[in-house]
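K.L.:
Pasting a structure below so you can have a look.
Numbering (my numbering), first residue to last: 514 to 882.
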């Protein structure tokens, strides 16, 4: 059977599940009856030392209060050996009356930020009636995350992102999660968008055995090795046509919506301001210069599809559109090695364009683990 024919057969098989998902209303979809919340669980707040901030830190984005609509805590975690101070957001469960309390550990893609997961986090928390925890953070080179010493090297190899992710997740699990939730109830789900999907996939084997045993699954959002590597050839053209300065946050939000990089304004109003800082002239300037990643791009996706398919855990791939599966993923799907869902109507930022459907898919995925 030719590769093209295999691709068509596989995608035909997916049409049934996709039609079910497409029939869901973004605002009113139901997941069935869940127990009523019976009590609140006290949160443990973390106070962490902040490193010296750059001059524009106080004028960073328009998210100084917006994050509070989606998370309960905004903190920093310092990893000295990685020369990094990570900005993070999290929410702990307010209901422990469940045999399993999942922690969704979210990693955004290149050029994005932690709050790309804001609407999805709210959907997950609401639909699970507070019986989950959610952690998201700004990766190195993004958002409010900073190097501790700007005079030291601060590289962006895949291994550097992986180290940050494993160290942060391990610290959060040991120092925050296990002090708020009985360890026998805890489970972890790794969720990554684009580059974040690659980081989650390659990180799996780097965790200690005690934490790896708690990981119930890995989910990648709209990332396929073959398509990602091919797209790198067009990145410079994309950068050349992407403004780095806007007159205001509102103008930046409008540009993302008008150019269909994001399709939900309510999400763009939360996530886009975190990508910029305000200057003394009140213009807003993009924080992350994607061109500085150029020498590292080749490390990000090589071997991703085969690694994902072979992970010794349950796996879910959610794609926007259906024309970018590569051979490794087609064969893996036919062999039943992972679950595949396609959102035809979504753009690349699945978690922002379709937060309700993404939450429902993740919850259903969790039920099958």
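The beta carbon of each residue, even a glycine, is placed where N, CA and C say it ideally should be.
Predicted, not measured: the structure shown is a model, and the values here were computed from it.
Taking the alpha-carbon positions, what's the residue 640 to residue 805 distance?
P.N.:
For this step, residue 640 is matched to residue 127 along the chain shown. For this step, residue 805 is matched to residue 292 along the chain shown. Whole-angstrom Cα-Cα distance: 39 Å.
K.L.:
Report the partner residues of residue 486 according to the DSSP bridge assignment.
P.N.:
Coverage of the chain is limited to positions 514 through 882, which leaves residue 486 absent and any answer about it impossible.
K.L.:
Applying the 10 Å Cβ sphere with the 16-neighbour rule, what's the burial state of residue 849?
P.N.:
Residue 849 sits at position 336 when you count from the first residue of the chain shown. Residue 849 is exposed by the Cβ-count criterion.
K.L.:
In the DSSP assignment, the alpha helix (DSSP H) including residue 683 goes from what residue to what residue?
P.N.:
Here residue 683 refers to the residue found at position 170 of the chain shown. Residues 671–685.
K.L.:
For residue 758, does the count of other Cβ atoms within 10 angstroms reach 16, so buried, or fall short, so exposed?
P.N.:
Position 245 of the chain shown, counted from the first residue, corresponds to residue 758. Exposed, by the Cβ-count rule.
K.L.:
Closest by CA to residue 713, which one among 702, 722 and 583?
P.N.:
What you label residue 713 is simply residue 200 of the chain shown in a count that begins at 1. Answer by Cα proximity: 702.
K.L.:
Of all the options 687, 593, 738 and 643, which has the alpha carbon lying nearest to the alpha carbon of residue 585?
P.N.:
Here residue 585 corresponds to residue number 72 of the chain shown, with the count starting at 1. When each option's Cα is compared against that of residue 585, the closest is 643.
K.L.:
Taking a contact to mean a Cβ-Cβ separation below 8 Å, would you say residue 587 touches residue 656 in this structure?
P.N.:
The count along the chain shown starts at 1 and reaches residue 587 at position 74. The count along the chain shown starts at 1 and reaches residue 656 at position 143. Contact flag unset, no.
K.L.:
If you pair each beta-carbon of the region 737–745 with each one of the region 805–821, do three or more pairs fall below 8 Å?
P.N.:
Touching, yes.
K.L.:
Check this for me: beta carbons of residue 715 and residue 774, under 8 Å apart or not?
P.N.:
For the purposes of this step, residue 715 is taken as residue 202 along the chain shown, with counting starting at 1. For the purposes of this step, residue 774 is taken as residue 261 along the chain shown, with counting starting at 1. No, Cβ-Cβ distance for residue 715 and residue 774 is not below 8 Å.
K.L.:
So what does residue 700 bridge to, in DSSP terms?
P.N.:
The count along the chain shown starts at 1 and reaches residue 700 at position 187. Paired residue(s): 615.
K.L.:
Please say whether residue 677 and residue 728 have beta carbons closer to each other than 8 Å?
P.N.:
Walking along the chain shown from the start, residue 728 turns up at place 215. Walking along the chain shown from the start, residue 677 turns up at place 164. The answer is no: Cβ separation not under 8 Å.
K.L.:
Candidates 659, 802, 826 and 636: which alpha carbon is nearest residue 753's?
P.N.:
Stepping through the chain shown from its first residue, residue 753 is reached at position 240. That would be 802, whose Cα lies nearest to the Cα of residue 753.
K.L.:
Mapping the DSSP letters down to three states, classify residue 583 as helix, strand or coil.
P.N.:
Against the chain shown, residue 583 aligns to sequence position 70. Residue 583: coil per DSSP, three-state reduction.
K.L.:
Rounded C-beta distance between residue 650 and residue 809? I'm assuming under 8 Å.
P.N.:
Position 137 of the chain shown, counted from the start, is the residue given in the question as residue 650. Position 296 of the chain shown, counted from the start, is the residue given in the question as residue 809. Wrong, their Cβ atoms sit about 19 Å apart, outside the cutoff.
K.L.:
Alpha carbon to alpha carbon, how far is residue 724 from residue 798? Give it in angstroms, no decimals.
P.N.:
Here residue 798 is taken as the residue at index 285 of the chain shown, counted from 1. Here residue 724 is taken as the residue at index 211 of the chain shown, counted from 1. If I take the Cα positions, the gap works out to 39 Å.
K.L.:
Between residue 778 and residue 632, is the Cβ-Cβ spacing less than 8 Å?
P.N.:
Your numbering for residue 778 matches position 265 in the chain shown. Your numbering for residue 632 matches position 119 in the chain shown. Not a contact, by the Cβ cut-off of 8 Å.
K.L.:
Is the region 822–840 touching the region 854–861 in the sense that three or more CB pairs, one from each, lie closer than 8 Å?
P.N.:
Segments in contact, yes.
K.L.:
Report the three-state DSSP secondary structure of residue 694 (helix, strand or coil).
P.N.:
Looking up residue 694 in the chain shown gives position 181. Residue 694: coil per DSSP, three-state reduction.
K.L.:
Measure the C-alpha to C-alpha separation of residue 717 and residue 880 and round it to an integer number of angstroms.
P.N.:
Residue mapping note: residue 717 aligns to position 204 of the chain shown, counting from 1. Residue mapping note: residue 880 aligns to position 367 of the chain shown, counting from 1. Roughly 21 Å separates the two Cα atoms.
K.L.:
From the DSSP output, read off the bridge partner residues of residue 728.
P.N.:
Within the chain shown, residue 728 is the residue found at index 215, counting from 1. According to DSSP, residue 728 bridges with 701.
K.L.:
Quick check on residue 760: buried or exposed, where buried means 16 or more other Cβ atoms within 10 Å of its Cβ?
P.N.:
For the purposes of this step, residue 760 is identified with residue 247 of the chain shown, where counting begins at 1. Residue 760 should be labelled exposed.
K.L.:
How long is the line joining the alpha carbons of residue 784 and residue 768, rounded to whole angstroms?
P.N.:
By 1-based counting over the chain shown, the position of residue 784 is 271. By 1-based counting over the chain shown, the position of residue 768 is 255. Going from the Cα of residue 784 to the Cα of residue 768 covers about 13 Å.
K.L.:
Consult DSSP for residue 840 and reduce its assignment to one of helix, strand or coil.
P.N.:
Stepping through the chain shown from its first residue, residue 840 is reached at position 327. Here residue 840 sits in helix by DSSP.
K.L.:
Relative to the C-alpha of residue 825, which candidate in 726, 772 and 734 has its C-alpha closest?
P.N.:
For the purposes of this step, residue 825 is taken as the residue at position 312 of the chain shown. Considering only alpha carbons, the answer is 726.
K.L.:
Pick out whichever of 732, 699 and 663 has its Cα sitting closest to the Cα of residue 504.
P.N.:
Any answer about residue 504 is impossible in this case: the structure gives the chain only from 514 up to 882.
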